[in-house]
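*Asks:* Listed in order, the protein sequences are those of chains A and B. Heads up: the first sequence is residues 2 to 268, going by the numbering used here. Heads up: the second sequence is residues 2 to 268, going by the numbering used here.
Protein chains: 2
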Amino acid sequence: MARRQITGFSNPTVKYLRSLREKKHRKAAGKVLAEGLRLLTDARESGKVPEVLVMAEGRDPHPLLAELEAAVDAAGGEIIETSDDILAKITGKSNPQAVAGVFAEWDSSLAALDRSDAQIWLVAQALRDPGNLGTMLRTGDAVGAGGLILIDDCADLFSVEAVRASMGAVFTQQVAMARWEEFLPWLRAGEGQLVAASLRDAVPYRGAPYTAPCFILVGNESQGLPEDYEMACDLRVTMPMRGRADSLNAAVAGAVLAYEVLASLEG
Amino acid sequence: MARRQITGFSNPTVKYLRSLREKKHRKAAGKVLAEGLRLLTDARESGKVPEVLVMAEGRDPHPLLAELEAAVDAAGGEIIETSDDILAKITGKSNPQAVAGVFAEWDSSLAALDRSDAQIWLVAQALRDPGNLGTMLRTGDAVGAGGLILIDDCADLFSVEAVRASMGAVFTQQVAMARWEEFLPWLRAGEGQLVAASLRDAVPYRGAPYTAPCFILVGNESQGLPEDYEMACDLRVTMPMRGRADSLNAAVAGAVLAYEVLASLEG
Numbered sequence: 002m003a004r005r006q007i008t009g010f011s012n013p014t015v016k017y018l019r020s021l022r023e024k025k026h027r028k029a030a031g032k033v034l035a036e037g038l039r040l041l042t043d044a045r046e047s048g049k050v051p052e053v054l055v056m057a058e059g060r061d062p063h064p065l066l067a068e069l070e071a072a073v074d075a076a077g078g079e080i081i082e083t084s085d086d087i088l089a090k091i092t093g094k095s096n097p098q099a100v101a102g103v104f105a106e107w108d109s110s111l112a113a114l115d116r117s118d119a120q121i122w123l124v125a126q127a128l129r130d131p132g133n134l135g136t137m138l139r140t141g142d143a144v145g146a147g148g149l150i151l152i153d154d155c156a157d158l159f160s161v162e163a164v165r166a167s168m169g170a171v172f173t174q175q176v177a178m179a180r181w182e183e184f185l186p187w188l189r190a191g192e193g194q195l196v197a198a199s200l201r202d203a204v205p206y207r208g209a210p211y212t213a214p215c216f217i218l219v220g221n222e223s224q225g226l227p228e229d230y231e232m233a234c235d236l237r238v239t240m241p242m243r244g245r246a247d248s249l250n251a252a253v254a255g256a257v258l259a260y261e262v263l264a265s266l267e268g
Numbered sequence: 002m003a004r005r006q007i008t009g010f011s012n013p014t015v016k017y018l019r020s021l022r023e024k025k026h027r028k029a030a031g032k033v034l035a036e037g038l039r040l041l042t043d044a045r046e047s048g049k050v051p052e053v054l055v056m057a058e059g060r061d062p063h064p065l066l067a068e069l070e071a072a073v074d075a076a077g078g079e080i081i082e083t084s085d086d087i088l089a090k091i092t093g094k095s096n097p098q099a100v101a102g103v104f105a106e107w108d109s110s111l112a113a114l115d116r117s118d119a120q121i122w123l124v125a126q127a128l129r130d131p132g133n134l135g136t137m138l139r140t141g142d143a144v145g146a147g148g149l150i151l152i153d154d155c156a157d158l159f160s161v162e163a164v165r166a167s168m169g170a171v172f173t174q175q176v177a178m179a180r181w182e183e184f185l186p187w188l189r190a191g192e193g194q195l196v197a198a199s200l201r202d203a204v205p206y207r208g209a210p211y212t213a214p215c216f217i218l219v220g221n222e223s224q225g226l227p228e229d230y231e232m233a234c235d236l237r238v239t240m241p242m243r244g245r246a247d248s249l250n251a252a253v254a255g256a257v258l259a260y261e262v263l264a265s266l267e268g
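(1) Give the straight-line distance between the Cα atoms of ILE91/A and GLU162/A, rounded to the nearest whole angstrom.
(2) Report the neighbours of MET168/A on chain B: residues whose CB is nearer than 7 Å to its CB, in chain order.
(3) When the Cβ atoms of the region 231-251 of chain B are set against those of the region 195-208 of chain B, are three or more pairs found closer than 8 Å?
(4) Helix, strand or coil, according to DSSP, for MET137/A in the structure here?
(5) Decide if THR8/B is buried, meaning its Cβ has at least 16 other Cβ atoms within 10 Å, or exposed.
(6) Is GLU36/B buried or exposed, if buried means 16 or more other CB atoms sit within 10 Å of its CB?
(7) For a quick check, are the C-beta atoms of ASP142/B and ALA246/A less than 8 Å apart?
(8) Is the shortest distance between the beta-carbon of TYR211/A and the beta-carbons of chain B less than 8 Å?
(9) What are the partner residues of GLU70/A, as DSSP defines its beta bridges?
(10) Indicate the three-state DSSP secondary structure (helix, strand or coil) for VAL50/B in the structure shown.
(11) Please report how far the alpha carbon of LEU188/B lies from the alpha carbon of GLY132/B, in whole angstroms.
(12) Return the chain-ordered list of same chain residues with a C-beta closer than 7 Å to the C-beta of VAL73/B, the five sequence neighbours on each side being excluded.
(13) Between the alpha carbons of ALA213/A and ASP157/B, how many angstroms are there, rounded?
(14) Of the residues that make up the region 147-166 of chain B, which ones have a beta carbon closer than 8 Å to any beta carbon in chain A?
(15) Compute the beta-carbon to beta-carbon distance between LEU38/A and LEU66/A, rounded to the nearest angstrom, for a pair I have assumed lies under 8 Å.
(16) Apart from the five residues on each side of it in sequence, which residues of its chain come closer than 8 Å, Cβ to Cβ, to GLY225/A?
(17) If we ignore side chains and look at the alpha-carbon of each, how far apart do HIS63/A and ARG45/A end up?
(18) For chain A, find out if any of its Cβ atoms is closer than 8 Å to the Cβ of LEU263/B; answer yes or no.
(19) Whole angstroms are fine: how far does the CA of PRO186/B sit from the CA of LEU128/A?
(20) What separation, rounded to the nearest whole angstrom, lies between the Cα atoms of LEU123/B and ALA259/A?
(21) Only counting runs of 4 or more residues, tell me where the alpha helix (DSSP H) segments fall wholly within the region 135-221 of chain B, in order along the chain.
(22) I'd like to check one pair, THR140/B with ASN255/B: are the Cβ atoms closer than 8 Å?
(23) Got a sec: is the Cβ-Cβ distance from ASN221/B to anything in chain A below 8 Å?
(24) By alpha-carbon positions, which one of ARG27/A, ASP43/A, ARG22/A ends up nearest to ALA170/A?
(25) Does DSSP classify LEU41/B as helix, strand or coil?
(26) Step through the CB atoms of chain B and report whether any lies within less than 8 Å of the CB of ARG207/A.
(27) When you compare only the Cα positions, how much space is there between ARG243/A and CYS215/B?
(28) I'd like to check one pair, GLY193/A with GLN175/A: are the Cβ atoms closer than 8 Å?
(29) Determine the DSSP secondary structure at GLU269/B, reduced to helix, strand or coil.
(30) Taking ALA179/B as the reference, which of LYS28/B, VAL257/B, ASP154/B, PHE104/B has the closest Cα?
(31) Measuring only between beta-carbons, confirm whether VAL100/B sits less than 8 Å from chain A.
(32) Residues of chain A with CB under 8 Å from GLY145/B, in chain order?
(33) Taking VAL196/B as the reference, give the member of SER110/B, PHE104/B, ALA125/B with the closest Cα.
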């Protein structure tokens, strides 16, 4: 049982944990930082146990925390106890959640995806807002999607912000990252309908001929999808735009479409 | 034509403008700060002209900027030119958009709302994320809603974050703020169906008997709606939840429901 206490702000482990909030350091370390008992419990129930668990000293006992500690011990992980102040420094919040965990980043290659797992998949192209990525994961969980595929340069799916916005779905949904040039041949090597919201040569999104597995493609927050990406889709659909704007928030557009596809496929 | 240049970081106007990013100061001043030519043009086209326009010196000429300057001049407003550095200090961004505007906050009383204006209204209860509020405004614009009503203690709808996330809809959608105790009597004093996503005594959201004007109520991000608020609704609907979680992001839930109501009312 690996347990230790950290009492100094300048402890290298404190610096290391704090550095995981920055994309560069997080990626280089190949780790994922998640905060809060609920999120860490979601992870555990999904079979993902942190390598390192950091807890505030003197926290209230909680059965879920006890289960988490047991799981970390059983997996040979490390448990660190520290003060509220140091935990606040690690999490960058004045009112830190009393527990944080560090996970080894998991496989996010396209080759590891099993498209037969689900009828719906979400695909995000160059999304820059980690909150939008997390929200798409959460929506994917809700519609029973298989997972989220990130195309081109997206925000960091394993950032603290995205993990938090996913409400645990980052641990349950499959995730993959690929360039468009890799994704399209992969998609075409098997069954799959690629669908995008579009204004080009599109049909109304309600009652459109969706087929499973349906891959719902959502484009960058400000640019939308490149035209050639849209034209590579099997189906382009439009959503009503009754106001001045011609687009929705990316995560919202994906969700409205995903619920329509779900209703259509379960019809 | 009121124009002046500001060259010093410690200029009181710079401090004042910068203070408007904080809720406390923004509210006390009764002003709304918005950044970016597109957003300010949306405002102008909706009849809202900034009292103060702040621009970077040496910016490229742009016909929309020229129109904006003319509108501010015509309305007796002030135009301030300053350096990129000072603009960055005001906006708190290293790469500031070249223009920002300060508006007088407008009327957000329930009494000013005209429910006959639209078939759909969005209602947010205790939403704490300004991005969610902005996203709901943007969705409201898209579905042709009349506006957004904030119930109880919500995030600041006129914050820079909410204004930005609204993509200009904060200028076109009607907005009102009220306590639940004010809102419910106001609602019941006229026509209106109050609808919430709920797990209590609810019917499937697809094909539910929506009627106009339909008020779609979305609850707090972590607590959801209080039970008595849900029970005061005319219609409670459920959305499929196929995964581990039992809820969607608040702005996403509102959007999926709003698009369903739109399809139903137009059906």
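Ideal Cβ placement from N, Cα and C applies to all residues, glycine included. What you are looking at is a predicted structure, and each value in this text was computed from that prediction instead of being measured.
*Replies:* Quick answer:
(1) 14 Å
(2) ALA246
(3) yes
(4) helix
(5) exposed
(6) buried
(7) yes
(8) no
(9) In DSSP, GLU70/A forms no bridge with anything.
(10) coil
(11) 26 Å
(12) VAL50, PRO51, LEU54, ILE80
(13) 42 Å
(14) ALA166
(15) 6 Å
(16) SER248
(17) 15 Å
(18) yes
(19) 42 Å
(20) 21 Å
(21) 161-166, 170-173, 181-189
(22) The sequence as given places Gly at residue 255/B; Asn does not occur at that position. Cβ atoms of GLY255/B and THR140/B: closer than 8 Å.
(23) no
(24) ASP43/A
(25) helix
(26) yes
(27) 16 Å
(28) no
(29) The requested residue 269/B does not occur in the structure, where chain B is confined to residues 2 to 268.
(30) ASP154/B
(31) no
(32) PRO241, ARG243, GLY244
(33) ALA125/B
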